[in-house]
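**Student:** Sharing a structure with you now.
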Amino acid sequence: MNKSFGFIIFAWLIAGCQPPEPLSIVGNAGIGFHPVYAQHLVHPEQHPKNINVTMLVSDISVVRMLTNNAADVGMLSLDNALALQSRGGDQYCVARVIFSSHGADAVIAGRSFASKLLAGKPIRVGMEDSTLSRYIMARWLQQTGIDDSLIQRRMLVPNGHASALMSNDVDVIITYAPFTRHLIDDGGLVIFSSQDIPDEIIDVMIVRTQTWDEHRERLLEFATVSWDAALANIAEAESEVMETIAKLSELP
Amino acid sequence: MSQIKYFSAAASAEFLQQDFEQTSTLIGDQLINAGVIAQLQRLPVCAGILE
C-alpha cells in the first residue's frame, strides 16, 4: 500500500516537472513585431514556458511554416491571415490585433519610374510573392488609376529590395519597414503607403484552432500579458530592449 | 515605430468585438477583387479572448 502510494506520488511529481509542449510562434521581419522579438531575447521570463518566437525573413516563410505545421502561431497581416484561412486546410482563430500600419508599408519609386509612367511604358515592380504585397499593389493601382496592364511583377524577397531598386532592375518596390528605410535613404520616393488606406493594413496573431484549444492558457498569456509587457518595454528609451530593436532594424 | 499604432490587449479586445468583422469583410472584398482568393472564409476570434 505504502509502495503504491509512493509510486503515485513519484509519478505525479515527475509529471509536474515535465516542461509543457513547445509552441512555435513566427512572424516576418516587419518592424511592428520587433518588440516581441527583442523581448524574447532580453526578457524571456516575460514569455510563458517553452514558447519559441522566431523572426523569419518574409511573409512567404511565415505562411509556409504554418501550412507545414512547423509553427503553431503566426503574426502576420490580416489580409495574409484571411487568405490563409480562405484556402481551406487547417483552421485558425485570431487571438490579438497587434498593430495597424500608418505608413510602414509602402510603394517606393526609383529614378526611372516617373519617366516610364509619363511615357506609358511598362513599369517593373519588385515585390514579395505575398498576399500583403498583392493587396498593396491592388490598392495603389486602384487609387492612382495606373493601368494594371503596364505592370510587370518581379518577385523578390524583402532583403533583396534595396539592391534591386538601386541597380535599376526594377522601377518600383513594394515593401515594409524596416526595409523601406534603406530604400528611402538611397533616394527612393514613397508614392503610396498604408497611410493612404487607413485601417486596412492590420497585423494580427493567429493560432491554429486545435492548438488554441489544447494550449489556451499559455497562448492567452502570450497574446495578452506578454505582448502588453513588450509594449511597456519599448516605452523606456534607454533600454537593452531598444538597443536590441535597433540591431534588428539594421538587418539588410 | 512612428508608422505603427499598437493595440494593448484591452484595445485589441475592443477592436475584435466592434470592428473586426467589418474590417475583415472590407479586406476580403479587396482580396476577391484582386483575384487573390475566390471566396472569403471567416476568421473567428479565439475562444476566451473576449471573456
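So the sequence lines, in the order shown, correspond to chains A and B.
Under our numbering, residues 774 to 1025 are what the first sequence spells out, in order.
Under our numbering, residues 111 to 161 are what the second sequence spells out, in order.
The C-beta atom is built at its ideal place from N, Cα and C for all residues, glycine as well.
1. Taking glutamine 128 of chain B as the query, report the chain A residues whose CB atoms sit under 8 Å from its CB, ordered along the chain.
2. Counting along the chain, where does the alpha helix (DSSP H) carrying threonine 904 of chain A start and finish?
3. Tell me whether proline 1025 of chain A is buried or exposed, calling it buried when 16 or more other Cβ atoms sit within 10 Å of its Cβ.
4. Who does lysine 115 of chain B pair with in a DSSP beta bridge?
5. Give me whichever residues DSSP pairs with cysteine 866 of chain A in a beta bridge.
6. Determine the extent of the alpha helix (DSSP H) in which alanine 879 of chain A is found, giving its start and end residues.
7. Any Cβ of chain B within less than 8 Å of the Cβ of glutamate 1011 of chain A?
8. Quick one: complete beta strand (DSSP E) runs, 3+ long, within the segment 784 to 830 of chain A?
9. Counting along the chain, where does the alpha helix (DSSP H) carrying serine 859 of chain A start and finish?
10. Tell me where the beta strand (DSSP E) around threonine 948 of chain A begins and ends.
11. Just to confirm, are glycine 899 of chain A and glycine 961 of chain A a CB contact at a threshold of 8 Å?
12. Any idea what DSSP makes of glycine 158 of chain B, helix, strand or coil?
13. Of the residues that make up the segment 870 to 892 of chain A, which ones have a beta carbon closer than 8 Å to any beta carbon in chain B?
14. How about the segment 957 to 971 of chain A and the segment 844 to 851 of chain A: do they share at least three Cβ pairs that are nearer than 8 Å?
15. Given lysine 889 of chain A, which residues of its chain have a CB within under 6 Å of its CB, disregarding the five upstream and five downstream residues?
16. What is the C-beta distance between valine 815 of chain A and threonine 1017 of chain A, in whole angstroms, given that I count them as a contact (C-beta under 8 Å)?
17. Tell me glycine 847 of chain A's beta-bridge partners as DSSP assigns them.
18. Excluding sequence positions up to five away, which residues of its chain have a Cβ less than 8 Å from the Cβ of valine 835 of chain A?
19. Looking only at its own chain, which residues have a Cβ that is under 7 Å from the Cβ of serine 873 of chain A, when we skip the five neighbours before and after it?
20. Quick check: what's the CA-CA separation for glutamate 818 of chain A versus lysine 1020 of chain A?
21. Does any CB atom of chain A fall closer than 8 Å to the CB of leucine 63 of chain B?
22. Taking the straight line between their C-alpha atoms, what separation do you get for valine 1014 of chain A and glycine 805 of chain A?
23. Checking contacts by CB at 8 Å: is tyrosine 810 of chain A closer than that to chain B?
24. Determine the DSSP secondary structure at glycine 961 of chain A, reduced to helix, strand or coil.
**Tutor:** With the structure as the only source:
1. Near glutamine 128 of chain B there are no residues of chain A at all, since even the closest Cβ is about 11 Å away, more than 8 Å.
2. 904 to 917
3. Interpretation of proline 1025 of chain A is limited by its pLDDT of 49, a score under 50 that renders its predicted location unreliable; no figure is taken from the coordinates.
4. A:Ser873
5. A:Val980
6. Per DSSP, alanine 879 of chain A belongs to no alpha helix (DSSP H); it is in the beta strand (DSSP E), 878 to 882.
7. no
8. 796 to 800 and 824 to 828
9. 851 to 859
10. 945 to 949
11. no
12. coil
13. Val870, Ile871, Phe872, Ser873, Ser874, His875, Gly876 and Ala877
14. no
15. Ile896 and Asp944
16. 6 Å
17. A:Val799 and A:Ile979
18. Val799, Gly800, Asn801, Leu829, Ala844, Gly847, Met848, Leu849 and Asn853
19. Asp972, Ile974 and Ile975
20. 21 Å
21. A query on residue 63 of chain B cannot be resolved here, the shown segment of chain B reaching from 111 to 161 and no further.
22. 14 Å
23. no
24. coil
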